[in-house]
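Undergrad: For what it's worth, the numbering used here labels the leading residue of the sequence shown as 215, then goes sequentially.
The beta-carbon is built from N, C-alpha and C at its ideal position, and this holds for glycine as well.
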Amino acid sequence: MNVEARLAELRALIHHHNHRYHVLDDPEIADVEYDALFDELLALEADHPELVTSDSPSQRVGGAPLDGFRAVSHERPMLSLEKCTTVEALEEWLKRCRNRLGDDVPIALACEPKIDGVAVALVYEDGVLTQAATRGDGTTGEDITANVRTIKAVPLRLAADGVPQRMEVRGEIYMPLAAFERFNDQARRNGTKALINPRNGAAGSLRQLDPKLTAQRPLTMFCYGLGWADGGWAPASHTEVMEALRGWGFRTNADARAFEGIEGVEAYLDDLLARRDTLGYDIDGVVIKVDALAQQETLGTVTRKPRWAIAFKYPAEEATTRLLDVEFQVGRTGAVTPVARLEPVFVGGVTVSNATLHNMDEITRLDVHIGDTVMVRRAGDVIPQVVKVVAGKRPRDARPVVLPDRCPVCGSEIVRAGDGAVARCSGGVLRCEAQRKEGLKHFASRLAMDIEGLGDKLLEQLVDAGAVTDPSDIYRLELDTLVALPRMGQKSGENVLAAIDHSRRTTLARFIYALGIREVGEATASNLAGHFGDLAPLMRADQEALEAVDDVGPVVARNIVDYFADPLHVEMIERLIQAGIVWDVAAPLEAGSRPLEGETWVLTGTLERLTRDQAKAHLTGLGAKVAGSVSKKTTQVVAGPGAGSKLEKAETLGVPVMDEAAFLDRLEGYGVSVD
Ligand code: IVH
Numbered sequence: 215m216n217v218e219a220r221l222a223e224l225r226a227l228i229h230h231h232n233h234r235y236h237v238l239d240d241p242e243i244a245d246v247e248y249d250a251l252f253d254e255l256l257a258l259e260a261d262h263p264e265l266v267t268s269d270s271p272s273q274r275v276g277g278a279p280l281d282g283f284r285a286v287s288h289e290r291p292m293l294s295l296e297k298c299t300t301v302e303a304l305e306e307w308l309k310r311c312r313n314r315l316g317d318d319v320p321i322a323l324a325c326e327p328k329i330d331g332v333a334v335a336l337v338y339e340d341g342v343l344t345q346a347a348t349r350g351d352g353t354t355g356e357d358i359t360a361n362v363r364t365i366k367a368v369p370l371r372l373a374a375d376g377v378p379q380r381m382e383v384r385g386e387i388y389m390p391l392a393a394f395e396r397f398n399d400q401a402r403r404n405g406t407k408a409l410i411n412p413r414n415g416a417a418g419s420l421r422q423l424d425p426k427l428t429a430q431r432p433l434t435m436f437c438y439g440l441g442w443a444d445g446g447w448a449p450a451s452h453t454e455v456m457e458a459l460r461g462w463g464f465r466t467n468a469d470a471r472a473f474e475g476i477e478g479v480e481a482y483l484d485d486l487l488a489r490r491d492t493l494g495y496d497i498d499g500v501v502i503k504v505d506a507l508a509q510q511e512t513l514g515t516v517t518r519k520p521r522w523a524i525a526f527k528y529p530a531e532e533a534t535t536r537l538l539d540v541e542f543q544v545g546r547t548g549a550v551t552p553v554a555r556l557e558p559v560f561v562g563g564v565t566v567s568n569a570t571l572h573n574m575d576e577i578t579r580l581d582v583h584i585g586d587t588v589m590v591r592r593a594g595d596v597i598p599q600v601v602k603v604v605a606g607k608r609p610r611d612a613r614p615v616v617l618p619d620r621c622p623v624c625g626s627e628i629v630r631a632g633d634g635a636v637a638r639c640s641g642g643v644l645r646c647e648a649q650r651k652e653g654l655k656h657f658a659s660r661l662a663m664d665i666e667g668l669g670d671k672l673l674e675q676l677v678d679a680g681a682v683t684d685p686s687d688i689y690r691l692e693l694d695t696l697v698a699l700p701r702m703g704q705k706s707g708e709n710v711l712a713a714i715d716h717s718r719r720t721t722l723a724r725f726i727y728a729l730g731i732r733e734v735g736e737a738t739a740s741n742l743a744g745h746f747g748d749l750a751p752l753m754r755a756d757q758e759a760l761e762a763v764d765d766v767g768p769v770v771a772r773n774i775v776d777y778f779a780d781p782l783h784v785e786m787i788e789r790l791i792q793a794g795i796v797w798d799v800a801a802p803l804e805a806g807s808r809p810l811e812g813e814t815w816v817l818t819g820t821l822e823r824l825t826r827d828q829a830k831a832h833l834t835g836l837g838a839k840v841a842g843s844v845s846k847k848t849t850q851v852v853a854g855p856g857a858g859s860k861l862e863k864a865e866t867l868g869v870p871v872m873d874e875a876a877f878l879d880r881l882e883g884y885g886v887s888v889d
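1) Can you pull the DSSP bridge partners for SER451?
2) Just the Cα atoms here: how many angstroms apart are ALA593 and GLU532?
3) Return the residue from the list ASP581, GLY350, GLU223 and VAL615 that minimises the CA-CA distance to PHE542.
4) If we count Cβ pairs, one from each stretch, closer than 8 angstroms, do we get three or more for the segment 787-796 versus the segment 719-732?
5) According to DSSP, which residues form a beta bridge with CYS325?
6) Taking LEU836 as part of the beta strand (DSSP E), name the residues at either end of that continuous run.
7) Assuming VAL814 and ALA853 form a contact by the criterion Cβ under 8 angstroms, report the distance between their Cβ atoms to the nearest whole angstrom.
8) Pull up the CB-CB distance for LEU836 and PRO809, whole angstroms please, since I reckon it's below 8 angstroms.
9) With 16 as the cutoff for other CB atoms within 10 Å, does HIS262 come out buried or exposed?
10) Out of THR300, ASP505, LYS503 and THR547, state which residue places its alpha-carbon closest to the alpha-carbon of VAL734.
11) Going by beta carbon distance, what residues of the same chain come within less than 6 angstroms of GLU666, once the five residues before and after it are set aside?
12) Answer yes or no: do VAL890 and THR551 have a C-beta to C-beta separation smaller than 9 angstroms?
13) Helix, strand or coil for TYR235, going by three-state DSSP, please let me know.
14) If you draw a straight line from the C-alpha of HIS288 to the C-alpha of PRO390, how long is it?
15) Using three-state DSSP, classify ARG789 as helix, strand or coil.
16) If you pair each beta-carbon of the segment 503-520 with each one of the segment 554-561, do three or more pairs fall below 8 angstroms?
17) Under 8 angstroms from any heavy atom of ligand 3, does the C-beta of VAL501 make it?
18) Using a Cβ-Cβ cutoff of less than 7 angstroms, which residues in the same chain neighbour LEU661 once the five nearest sequence positions on both sides are dropped?
19) Out of ALA393, GLY439 and GLU457, point me to the one whose CA is closest to ALA894's CA.
20) Report all residues from its chain with a CB closer than 6 angstroms to the CB of ALA549; omit the five preceding and five following residues, and keep chain order.
21) Applying the criterion that 16 or more other CB atoms from any shown protein chain within 10 Å of the CB defines a buried residue, is ARG310 buried or exposed?
22) So what does DSSP say about CYS311, is it helix, strand or coil?
23) ILE787 and MET753 - do their beta-carbons sit closer together than 9 angstroms?
24) What is the rounded straight-line gap between the Cα of ILE321 and the Cα of ARG521?
25) Answer yes or no: do LYS366 and ARG274 have a C-beta to C-beta separation smaller than 9 angstroms?
26) Could you check if THR517 is buried or exposed, using at least 16 other CB atoms within 10 Å of its CB as the buried criterion?
27) With 16 as the cutoff for other CB atoms within 10 Å, does ALA448 come out buried or exposed?
28) Count Cβ pairs between the segment 295-302 and the segment 340-355 that sit closer than 8 angstroms; are there 3 or more?
29) Do three or more CB pairs link the segment 221-239 to the segment 423-432 at distances below 8 angstroms?
30) Can you find a heavy atom of ligand 1 that lies under 8 angstroms from the Cβ of ASN216?
31) Below 8 angstroms, is the gap between the Cβ of ASP330 and the nearest heavy atom of ligand 1?
32) Given this structure, state the Cα-to-Cα distance separating ALA408 from ASP239, to the nearest angstrom.
33) Where does the unbroken alpha helix (DSSP H) through LYS407 begin, and where does it stop?
34) Tell me whether LEU777, by its Cβ, gets closer than 8 angstroms to a heavy atom of ligand 1.
35) From ASP399 to ILE410, what does the alpha carbon distance come to, in whole angstroms?
36) Using only CA atoms, which one of ASP798, GLY858 and VAL377 lies nearest to GLY744?
This is the structure we're talking about:
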């Protein structure tokens with residue numbers, strides 16, 4: 215094959231897999247295989263620079279820096295939206311539409327989340343992205359093509375036939391919440407500037423003159439409509455437009471719905487609001503559009519707002535309030551976290567009176583003083599945070615925030631270790647009750663020993679009553695002790711004891727996680743369990759052996775070594791094991807005993823003899839990876855009753871499927887006994 219043909223083939227393949235991954239969220243190949251295709255493309259293009267095209271995936275890494283952004287005038291203005299916040303106002307709007315369209319004409323309404331990001335207009339000519347522009351003032355925006363090219367959810371070339379010769383697609387570029395949190399965690403660790411919110415993150419990233427910087431920012435995009443299209447194509451509705459866009463490779467929101475009447479819309483508004491914290495991106499409301507394009511045309515536009523659409527706004531996720539005081543909370547590992555006490559403020563749908571300030575460096579960076587007016591953000595499932603100080607509102611008697619010398623709970627000295635930012639109480643679990651309580655809460659929590667009913671409040675009461683000081687005390691609790699606590703009846707007491715008893719049978723991964731070793735999260739605990747198979751070899755492992763485990767670097771390895779070097783920890787583990795905690799021991803780690811190395815398994819449906827955790831632990835112990843979704847790369851699916859789409863997908867892709875009985879036989883064949 216000649217170079218040109220191979221280049222075309224590579225580009226087509228990479229476009230295809232890019233679309234599977236970034237738009238459909240359903241990859242067909244592993245990351246390493248994708249990387250290999252990409253590396254081959256880069257190497258060929260480096261040898262033949264004259265063959266590089268503007269729609270080549272290589273252009274996503276970001277081209278040369280710009281001097282500034284060129285102004286772009288929009289062929290059709292980018293309008294803004296009328297807003298409402300009540301159902302009554304929404305019904306008024308619909309009534310106005312009805313008055314213009316005629317009383318007896320049915321009106322379908324298309325609803326979709328209103329993404330809180332940055333609006334962009336993408337021009338495609340002959341199916342190739344030729345221009346991306348910001349909204350600007352609606353008439354004139356800025357040319358951000360070089361930056362937008364780096365966003366993988368934006369198609370550089372459209373795959374299918376029937377694409378208009380020239381068209382403009384509009385949508386919202388945004389930063390997903392998880393990516394935003396990750397970016398800010400990193401910034402706080404490095405002492406660099408954190409982003410105020412994902413919207414600012416997206417806007418700032420798109421404003422970089424160096425596209426290589428944009429390429430490093432985790433941005434994505436939802437398309438929500440068509441600006442204009444040249445001749446030939448005559449869709450009847452917004453819904454039809456969106457389907458076509460999706461077919462051509464654009465990322466569209468799967469939560470979009472159309473309804474015939476207002477009742478459906480109102481239920482949609484409630485449902486989306488209830489799910490707001492789980493969407494994974496910021497929304498500020500819902501956009502409701504008259505679906506039929508002919509009706510949109512009839513309704514027309516007034517003062518830069520279409521009559522055919524309206525934004526229903528949800529409660530804001532940011533608000534300003536006064537910082538009344540800063541207190542210091544001591545966590546499980548002794549980390550001392552400054553917590554803002556606020557004048558209560560309604561934000562993100564709830565009243566907030568506390569927010570985290572993260573650490574002392576963050577306080578310095580934000581320059582927060584007690585008495586300041588601050589902006590508070592509460593979005594997604596993260597705890598409320600102070601994100602900035604409102605300038606010019608500092609009262610005369612404002613006071614700086616000072617880190618105390620001594621732990622507010624146990625009075626031990628507070629030290630700031632080499633890593634700087636984190637201040638810790640030096641008391642340890644033995645002296646510091648705060649650390650003890652937090653450690654116990656972690657031990658009993660859902661992802662750790664999962665003791666249902668033994669919640670934070672109850673544990674605090676038990677510690678205060680002197681009934682529990684160490685996790686093993688939980689397993690010696692008696693009914694009398696529990697029912698003696700306020701608001702604890704006989705029946706609830708028995709339930710708690712049953713849950714405690716139930717938790718004795720666990721997995722090694724959960725047990726390791728429950729110990730609360732610094733920086734050993736759930737994923738690391740699971741890797742450690744899979745690698746070592748049992749606790750004893752983990753406890754004996756040295757720094758080097760630990761660093762051989764996936765995701766374990768020198769710092770985590772050192773934390774683990776230090777943890778098990780402390781005789782108090784070893785004694786506590788012995789007490790727990792004496793209290794009857796057991797887990798299945800997975801296949802030992804000698805060479806050749808990881809027969810499923812390199813395989814990817816998927817579990818779906820209900821398993822009856824094993825819990826998911828146990829099945830997972832066995833599989834990882836045997837060297838397999840356990841994935842959450844089925845793709846061509848899946849080696850084997852284990853399906854129990856109730857298996858749905860994953861099973862179907864396995865069947866379509868021809869991935870082998872076995873039931874639980876066959877799975878147990880297979881495990882037994884590897885010497886794993888399941889009782
Ligand atoms: S439709 C006529 N749909 O909201 C305007 N806009 O005030 C048509 N936005 O900055 C806009 N999500 O970028 C539409 N699903 C969505 C949207 C959306 C966010 C933004 C848009 C614009 C603002 C409109």
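TA: According to the structure shown:
1) The partner list for SER451 (beta bridge, DSSP) reads ALA506.
2) Their backbone Cα atoms lie some 8 angstroms apart in a straight line.
3) Among ASP581, GLY350, GLU223 and VAL615, the Cα nearest to that of PHE542 belongs to VAL615.
4) At 8 angstroms Cβ cutoff, the stretches touch.
5) ARG471 and ILE502
6) It is not in any beta strand (DSSP E) - LEU836 carries neither H nor E in the DSSP assignment.
7) The question names Val, yet the displayed sequence has Thr at residue 814. With a Cβ gap of about 15 angstroms, THR814 and ALA853 do not count as contacting.
8) Confirmed, Cβ separation roughly 6 angstroms.
9) exposed
10) THR547
11) ALA713
12) In the structure as shown, the chain starts at 215 and stops at 889, and residue 890 therefore has no counterpart that could be examined.
13) helix
14) 27 angstroms
15) helix
16) no
17) Ligand 3 is not part of the structure shown, which contains ligand 1 as its ligands.
18) TYR727 and GLU736
19) Absent from the structure is residue 894, since the part of the chain shown begins at 215 and ends at 889.
20) VAL636 and ARG638
21) Counting C-beta atoms within 10 angstroms of its own C-beta, ARG310 has fewer than 16 neighbours from the protein chains shown and is therefore classed as exposed.
22) Reduced to three states, the DSSP call for CYS311 is helix.
23) yes
24) 14 angstroms
25) yes
26) exposed
27) Answer is exposed; the Cβ neighbour count stays below 16.
28) In this structure the segment 295-302 does not touch the segment 340-355; the number of beta carbon pairs closer than 8 angstroms is below three.
29) no
30) no
31) Because some heavy atom of ligand 1 lies under 8 angstroms away, the Cβ of ASP330 counts as near it: yes.
32) 28 angstroms
33) No alpha helix (DSSP H) contains LYS407, which DSSP labels as neither H nor E.
34) Correcting the residue type first, residue 777 is Tyr in the shown sequence and not Leu. TYR777 Cβ: outside cutoff for every heavy atom of ligand 1.
35) 12 angstroms
36) ASP798
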